[in-house]
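Engineer: Numbering (the numbering used here), first residue to last: 246 to 737.
Have a look at this one.
Following this line, the structure appears as structure tokens:
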């Protein structure tokens, strides 16, 4: 199961998963949970949400049906806690946080809709990344959106507020505003506050150049809690060469300082290519000096303007070296070191020793041990169309901002129906459908390869990720074919 020789703890963990699946994931239990997932007219909320509030003591009064709903919900939570060796007191304490309650409700909805499966699919996206505008003050060479000017048909302020209401009602936990540069959108503060007031965790991905002290305070007041700021080099020469505007490095660093001063959760992200590969350790050191919380090494994806710089993508050998370095850097770095490369989970499992295992995900690096080891195959790997989805500036819905395969539009489609029933999303969630080495890899539930890279290189989201060391032959063949086409005067 784990891709290495199983010990006693790993076998106990597997038994825990099997027990939980047998008791909670069976057809009868799923029907009961499904019956609870409905709006209660008397209490004014989803019945599962009311039952969860009753369970943790956040609500005292409810209608009889919602009170009755608490019993099967409490039984499900108790069984999960027992199966994975967590005290119910710890569970109740954790669920005192409304965001954790929203997350667990989504898990319960996911069990009802999809069963207990590997990797796991929640009942609603944990995260929606929304490109609120394609206007931007920079001209980044690797921009997935080819941003610069706003689209003529971007969602209006009224449509945007309505979308936030729909996402909140759907049960989305986190909403991340991206672009383009979201700070050039005039109503970004209003949208942020509306999302915060609707109970979602609000984050914003920005180039950082517009985060003045005044803007940082305004974003904080609007409920933004997390800022992802892009840094593509440890010096101005490297960073500015990616960003297309001279002098932006200093403004970005100042923006980071302003964000840290306002106590945002700050994540510095770097799109790693051959051009800045050797600078990554120094960028992490810079992050520690600046006092940020996370460093995130982003996979290069050949989409948008990135299609014009494919030659700068890392080789599989370089990526493997990068991931091993990131794993080791995590041991000494004050800020947590993460990456969007799903192969990081495999590298961590291969590098780890002892009873505890650090398992990287897109959302955090989790340290697990004992019965919790069984959870690693449920949470890891590419989350496109599984843990998150993307909304474009004009309302198009894609599995990921780096995977431009549109499955609908928020202007006229049911968001929940797309999440539950879209055929592309279903394929992306089934790691046994992956082609070649990815589909047969022992780590496919932990990793599964980057589906956006597969699509970017092969026009097929189920194709192998050419950046993995296990697909080095595929990568080399791809390079040979590209060179042959160029010699013959064809397109790269």
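Quick reminder that beta carbons are idealized off the backbone N, C-alpha and C, glycines included.
Cβ of residue 419 within 8 Å of Cβ of residue 587?
Structural biologist: As a first step, residue 419 is located in the chain shown; it is residue number 174 there, counting from the start. As a first step, residue 587 is located in the chain shown; it is residue number 342 there, counting from the start. For residue 419 and residue 587, no; Cβs fall outside 8 Å.
Engineer: Could you please give the first and the last residue of the uninterrupted alpha helix (DSSP H) stretch that includes residue 389?
Structural biologist: Position 144 of the chain shown holds residue 389. No alpha helix (DSSP H) holds residue 389; DSSP gives it neither H nor E.
Engineer: Could you tell me which residues DSSP pairs with residue 373 in its beta bridges?
Structural biologist: To locate residue 373, count along the chain shown from 1; it is residue 128. According to DSSP, residue 373 bridges with 420, 634.
Engineer: For the segment 300-314 against the segment 331-343, do three or more pairs of beta-carbon atoms, one drawn from each stretch, fall closer than 8 Å, so that the two count as touching?
Structural biologist: Yes, the segment 300-314 touches the segment 331-343.
Engineer: Would you mind giving the Cβ-Cβ distance between residue 522 and residue 563, rounded to the nearest angstrom? I have them listed as a contact below 8 Å.
Structural biologist: Position 277 of the chain shown holds residue 522. Position 318 of the chain shown holds residue 563. The pair is a contact, with the Cβ atoms about 6 Å apart (cut-off 8 Å).
Engineer: Can the beta-carbon of residue 429 be found closer than 8 Å to that of residue 493?
Structural biologist: Position 184 of the chain shown, counted from the first residue, corresponds to residue 429. Position 248 of the chain shown, counted from the first residue, corresponds to residue 493. Cβ atoms of residue 429 and residue 493: not closer than 8 Å.
Engineer: Could you spell out where the alpha helix (DSSP H) holding residue 715 opens and where it closes?
Structural biologist: One-based indexing of the chain shown puts residue 715 at position 470. Careful: residue 715 lies outside any alpha helix (DSSP H) and carries neither H nor E.
Engineer: Counting along the chain, where does the alpha helix (DSSP H) carrying residue 505 start and finish?
Structural biologist: Here residue 505 refers to the residue found at position 260 when the chain shown is read from its first residue. Unbroken alpha helix (DSSP H) run through residue 505: 493-506.
Engineer: Which one or two residues does DSSP pair with residue 752 in a beta bridge?
Structural biologist: Absent from the structure is residue 752, since the part of the chain shown begins at 246 and ends at 737.
Engineer: Buried or exposed: residue 721, going by 16 or more other Cβ atoms within 10 Å of its Cβ?
Structural biologist: Stepping through the chain shown from its first residue, residue 721 is reached at position 476. Its Cβ having fewer than 16 others within 10 Å, residue 721 is exposed.
Engineer: Report the rounded CA-to-CA distance for residue 254 versus residue 594, giving the unit in angstroms.
Structural biologist: In the chain shown, the residue the question calls residue 254 occupies position 9. In the chain shown, the residue the question calls residue 594 occupies position 349. Per-residue confidence for residue 254 stands at a pLDDT of 43, beneath the threshold of 50, marking its modelled position as unreliable; the derived number appears in the next sentence. Cα to Cα, the separation comes out at about 15 Å.
Engineer: Measuring only the C-alpha atoms, how far is residue 282 from residue 539?
Structural biologist: In the chain shown, counting from the first residue as 1, residue 282 sits at position 37. In the chain shown, counting from the first residue as 1, residue 539 sits at position 294. Approximately 35 Å between the Cα atoms of the pair.
Engineer: Going by DSSP in three states, residue 469 sits in which element: helix, strand or coil?
Structural biologist: Working through the chain shown from its first residue, we reach residue 469 at position 224. Three-state result, residue 469: strand.
Engineer: For residue 513, which option in 520, 479, 668, 491 has the closest C-alpha, if you only look at C-alpha atoms?
Structural biologist: For this step, residue 513 is matched to residue 268 along the chain shown. The shortest Cα separation from residue 513 among 520, 479, 668, 491 belongs to 479.
Engineer: Taking residue 542 as the reference, which of 405, 385, 575, 667 has the closest Cα?
Structural biologist: Your numbering for residue 542 matches position 297 in the chain shown. Checking every option, the nearest Cα to that of residue 542 belongs to 575.
Engineer: Classify residue 725 as buried or exposed, calling it buried when 16 or more other Cβ atoms lie within 10 Å of its own Cβ.
Structural biologist: By 1-based counting over the chain shown, the position of residue 725 is 480. Under this definition residue 725 is an exposed residue.
Engineer: Between the C-alpha atoms of residue 452 and residue 273, what's the straight-line distance to the nearest angstrom?
Structural biologist: Locating residue 452 in the chain shown gives position 207, where the first residue counts as 1. Locating residue 273 in the chain shown gives position 28, where the first residue counts as 1. Going by the C-alpha atoms only, they are around 49 Å apart.
Engineer: Between the segment 462-473 and the segment 360-374, can you find at least three pairs of beta-carbon atoms closer than 8 Å?
Structural biologist: The segment 360-374 is not in contact with the segment 462-473.
Engineer: Mind checking residue 524: buried by the 16 CB within 10 Å criterion, or exposed?
Structural biologist: For this step, residue 524 is matched to residue 279 along the chain shown. So residue 524 counts as buried.
Engineer: Does DSSP put residue 210 in a helix, a strand or coil?
Structural biologist: Residue 210 lies beyond the residue range present for the chain, which begins at 246 and ends at 737; the question has no answer from this structure.
Engineer: May I ask which residues mark the beginning and end of the alpha helix (DSSP H) holding residue 339?
Structural biologist: Numbered from its first residue, the chain shown carries residue 339 at position 94. Run containing residue 339: 333-339, per the alpha helix (DSSP H) assignment.
Engineer: Tell me the DSSP secondary structure of residue 654 in three-state form.
Structural biologist: Walking along the chain shown from the start, residue 654 turns up at place 409. Here residue 654 sits in strand by DSSP.
Engineer: Are the CB atoms of residue 517 and residue 501 nearer to each other than 8 Å?
Structural biologist: As a working note, residue 517 is residue 272 in the chain shown. As a working note, residue 501 is residue 256 in the chain shown. Against a cut-off of 8 Å, the Cβ pair of residue 501 and residue 517 comes out as no contact.
Engineer: If you draw a straight line from the C-alpha of residue 384 to the C-alpha of residue 289, how long is it?
Structural biologist: On the chain shown, position 139 is the one that residue 384 refers to. On the chain shown, position 44 is the one that residue 289 refers to. Taking the straight line joining both Cα atoms gives about 46 Å.
Engineer: Let's test the definition: count the other Cβ atoms within 10 Å of the Cβ of residue 698 and tell me whether it reaches 16, buried, or not, exposed.
Structural biologist: Locating residue 698 in the chain shown gives position 453, counting from the first residue. Residue 698 should be labelled buried.
Engineer: Determine the burial state of residue 577: buried for a count of at least 16 other Cβ atoms within 10 Å of its Cβ, exposed for fewer.
Structural biologist: In the chain shown, counting from the first residue as 1, residue 577 sits at position 332. When all chains shown are included, residue 577 counts as exposed.
Engineer: Is it true that the CB of residue 550 sits closer than 8 Å to the CB of residue 335?
Structural biologist: Translated into positions along the chain shown, residue 335 becomes position 90. Translated into positions along the chain shown, residue 550 becomes position 305. Taking 8 Å as the Cβ cut-off, residue 335 and residue 550 do not qualify as a contacting pair.
Engineer: Determine, using beta carbons only, whether residue 712 and residue 561 come nearer to each other than 8 Å.
Structural biologist: Position 467 of the chain shown, counting from 1, holds the residue named residue 712. Position 316 of the chain shown, counting from 1, holds the residue named residue 561. Against a cut-off of 8 Å, the Cβ pair of residue 561 and residue 712 comes out as a contact.
Engineer: Have a look at residue 251 and residue 416 and give me their C-alpha separation to the nearest angstrom.
Structural biologist: Here residue 251 refers to the residue found at position 6 when the chain shown is read from its first residue. Here residue 416 refers to the residue found at position 171 when the chain shown is read from its first residue. With a pLDDT of only 40 at residue 251, under 50, the local geometry of the prediction cannot be trusted, and no value is derived from it.
Engineer: Give the range of the beta strand (DSSP E) segment to which residue 641 is assigned.
Structural biologist: Counted from its first residue, the chain shown places residue 641 at position 396. Element bounds for residue 641: 641-643.
Engineer: Do you know how far the Cα of residue 662 is from the Cα of residue 313?
Structural biologist: For this step, residue 313 is matched to residue 68 along the chain shown. For this step, residue 662 is matched to residue 417 along the chain shown. Residue 313 and residue 662: Cα-Cα distance of roughly 27 Å.
Engineer: With burial defined as no fewer than 16 other Cβ atoms inside 10 Å of the residue's Cβ, what is the status of residue 249: buried or exposed?
Structural biologist: Residue 249 sits at position 4 when you count from the first residue of the chain shown. Confidence at residue 249 is low in this model, with a pLDDT of 37, below 50, so its placement is unreliable and the value that follows should be read with caution. Residue 249 comes out exposed.
Engineer: Is the separation between the beta-carbon of residue 682 and that of residue 716 shorter than 8 Å?
Structural biologist: In the chain shown, the residue the question calls residue 682 occupies position 437. In the chain shown, the residue the question calls residue 716 occupies position 471. It is a contact, given that the beta carbons lie within the stated cut-off.
Engineer: Between residue 406 and the rest of its own chain, which residues show a CB-CB distance below 6 Å, the 5 nearest in sequence each way excluded?
Structural biologist: As a first step, residue 406 must be located in the chain shown, where it is residue number 161. Correct list, in chain order: 439.
Engineer: Starting from residue 396, follow the beta strand (DSSP E) in both directions and report where the run begins and ends.
Structural biologist: Within the chain shown, residue 396 is the residue found at index 151, counting from 1. Careful: residue 396 lies outside any beta strand (DSSP E) and carries neither H nor E.
Engineer: Counting only the same chain and skipping the five closest in sequence on each side, list residues whose C-beta sits under 8 Å from that of residue 728.
Structural biologist: Along the chain shown, one-based indexing puts residue 728 at 483. Correct list: empty, nothing qualifies.
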